[in-house]
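In the working numbering, the protein residues as written are 90 to 588.
Quick reminder that beta carbons are idealized off the backbone N, C-alpha and C, glycines included.
One structure is given below, encoded as structure tokens.
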Amino acid sequence: MIEIRRQKVARLRELGVNPYPYSFRRTMNTAGLLDGFDARIDGDPVAVAGRLMAIRPMGKAVFAHLQDEGGRIQLYFKKDEIGEAAFAILELLDLGDIVGVVGVPMRTRTGEATLSVRSFQLLCKTLRPLPSVKEKDGQTFDAWEDVEARYRRRYVDLILHPERRRVFEARARLITGLRRYLDERGFLEVETPVLQAIYGGAMARPFTTHHNALDMRLFLRIAEELPLKKLLVGGFERVYEIGRVFRNEGMDRNHNPEFTMLEFYWAYADYRDAMDLVEDMVRAAVTAAAGSNVVEYNGHAIDLGAPFARRSMVELIQEHTGVDVLTAPVDGLRALLIKGGVTVAKFAERGHMIEALFDLAVCPKLVQPTFVTDHPLAISPLAKGHRDRPTELAERFELFIDGREFGNSFSELNDPIDQRRRFEDQARLREAGDDEAQVLDEDFLEAIETGMPPAAGVGIGIDRLAMLASGAPSIRDVLLFPHMRPEEGRATSDESGDA
RNA sequence: GCGCCGCUAGCUCAAUUGGCAGAGCAACUGACUCUUAAUCAGUAGGUUGAAGGUUCGAUUCCUUCGCGGCGCACCA
């Protein structure tokens, strides 16, 4: 089939037609044309451009549909009107070709808004056919719904399903909303390294890569946290970064190996201040993206307009299981988890078990926006101890919606001696087999030793917010090019690819 | 990583207990100057995801592998 198209390209060139010209001046798009269409009928010719999505030849006349970013319009080509030579070129066009047309607005006998074509120009000859999808009266025939192909060939998905674009527009509005919100409050957007000699700032396994000139292993960042805190040391008081982070873990409808995270750091504030800000910011940004502060998600009406619940983790677990996790014997917690079908790692301490118990018994029930506060200190190595229970709990919160985490925040630990001790605890866990434990970062400690103001820090997963704002059930629906395994037999770059 | 399900023409899907791989659309040729899932006549299109096995014979049964979906685990 591609061979036939190649031959058409050759024939077009023989006819003196450049199948790939440089530009086309259009006077409007289809949306603009259709707006007040009847006033334009039989008026001045207009020029539009787009992709041919339907062609209905009728002998010496051809009807077609042209699709651009704004929508579709029917085209009517008449041999008498465009001439013999142009009609011959028209007959070499295929579904999917991109053309520019000049025509006069008219309505057909059945009333459809149509452009009566006076002249047209081929703007791009396509070699590869589009799936043929037809529709009538809002009913679609042979819809292109292969999910795998949809993600691998997103461009085809976008051509065939222009409405899919709305999700990505909502995502863009969300990010713009977050950015505007922080900018208006004096936060400065910065960019910090993605390639790092040492990774940190979150509990996760990293991707590794290699720097040839330095002949050293590098990691792709798993969080933005540590460099941003160095900026607090340097005197920036309100900074944020919206960027890609990478975690070498499983993929599913909530996880992609690379995802977008917003982190902000706010000097002289604590996690309670951050909670107020996050609540207001998330409400504003999702409302901007979704057009409402109540969003339908996973069968629930999520109300972002109402005040977000604020509950401590310990209190929630007590409420759902009757167990006081701070006083219950560790063996009892372990037994409870095993009974719940959770595999408990050998190195697990009370803190890990509290978190696991929370994930098991409480997390799925948090449908409406809820700030879960005051996590175990042991699982929060970068957070300050809680002012009321400094040896057991951290000043930390996570935002949960529909049973999933959307954000994480703490009163940032700025006591360098305590921070070093926490890193050493993490190192011990790593020895014991916890490969997500954080690595001691001497550079970072040196910065903290130089003095970091008290501050609140927040991390928010943008992709999940985008899912919430657009009603998308899978993270792949809010990523234009979600990560996929390469197709069999399709080449991947080899490791010696130094340029 | 584990479990279940799927993979047939460019697209959407058929194929009886294991018995000649088919249809619609798209494509190609021809007819048709207000059609709209245009219509009509004709043509071509396939290593049935890959490899192996059982069998006279495999799209169908078995094994392994690849890719995907869903669920679980890990995590955001």
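- Around the beta-carbon of residue 236, fewer than 16 other beta-carbon atoms lie within 10 Å, marking it exposed.
- In the assembly as shown, residue 301 is an exposed residue. Its beta-carbon has fewer than 16 other beta-carbons within 10 Å.
- When the Cα atoms are used, residue 386 and residue 178 turn out to be separated by approximately 50 Å.
- For residue 328, the enclosing beta strand (DSSP E) covers residues 327 to 335.
- Under the Cβ criterion (8 Å, minimum of three pairs), the segment 276 to 288 counts as touching the segment 525 to 532.
- Pairing residue 260 with residue 555 gives a Cβ-Cβ distance under 8 Å.
- For residue 574, the closest alpha carbon among the candidates 135, 346 and 226 is that of 346.
- In the structure shown, the three-state DSSP call for residue 165 is strand.
- Between the alpha carbons of residue 539 and residue 277 lies a gap of roughly 22 Å.
- For the 8 Å CB-CB criterion, residue 144 and residue 153 form a contact.
- Its Cα nearest to that of residue 388, the residue 457 stands out among 128, 532 and 457.
- Put simply, the segment 213 to 220 touches the segment 168 to 187. At least three CB pairs are less than 8 Å apart.
- Distances from the CA of residue 486 to each of 303, 268 and 365 were compared; the closest alpha carbon is that of 365.
- Shown here for residue 241: same chain residues with a beta carbon closer than 7 Å to its own, the five before and five after excluded, namely 573 in chain order.
- DSSP places residue 99 inside the alpha helix (DSSP H), whose first and last residues are 91 to 103.
- Classified as exposed, residue 428 has fewer than 16 neighbouring CB atoms from the shown chains inside 10 Å of its CB.
- Here residue 205 is buried. Its C-beta has 16 or more other C-beta atoms within 10 Å.
- Following the DSSP letters along the chain, one finds residue 527 in no beta strand (DSSP E), marked with neither H nor E.
- By the criterion of at least three beta-carbon pairs nearer than 8 Å, the segment 261 to 273 is in contact with the segment 358 to 376.
- Unbroken alpha helix (DSSP H) runs of no fewer than 4 residues, entirely contained in the segment 181 to 257, are found at 236 to 241 and 243 to 249, following chain order.
- A Cβ-Cβ distance of about 6 Å is found for the pair residue 545 and residue 500, placing them in contact under the 8 Å criterion.
- Annotation for residue 453: 492 place their beta carbon closer than 8 Å to its own, counting only its chain and skipping 5 residues before and after.
- Residue nearest to residue 394 within the set 411, 382, 344 and 367 is 382 (criterion: CA-CA distance).
- Counted as a single uninterrupted DSSP element, the beta strand (DSSP E) harbouring residue 490 occupies residues 485 to 490.
- Comparing alpha carbon positions, the residue from 207, 176 and 202 closest to residue 191 is 207.
- DSSP, reduced to helix, strand and coil, places residue 559 within a helical segment of the structure shown.
- Taking a 10 Å sphere around the C-beta of residue 550, we find 16 or more other C-beta atoms and assign the residue as buried.
- In the displayed model, residue 285 falls within a strand according to three-state DSSP.
- Here the alpha carbons of residue 483 and residue 139 stand approximately 57 Å from one another.
- Only residues of its own chain outside the window of five on either side were considered, and among them 110, 113, 138, 187, 188 and 189 have a CB closer than 7 Å to the CB of residue 212, listed in chain order.
- Distances from the alpha-carbon of residue 169 to those of 460, 155, 274 and 148 put 148 closest.
- Looking only at 367, 355 and 224, the smallest Cα-Cα distance to residue 459 is reached by 367.
- Take the alpha-carbon of residue 134 and the one of residue 107: they are about 24 Å apart.
- Beta-bridge pairing by DSSP links residue 305 to 300.
- For residue 576, the secondary structure class from DSSP, reduced to helix, strand or coil, is coil.
- Here the segment 117 to 127 does not lie against the segment 95 to 102, with fewer than 3 beta-carbon pairs under 8 Å apart.
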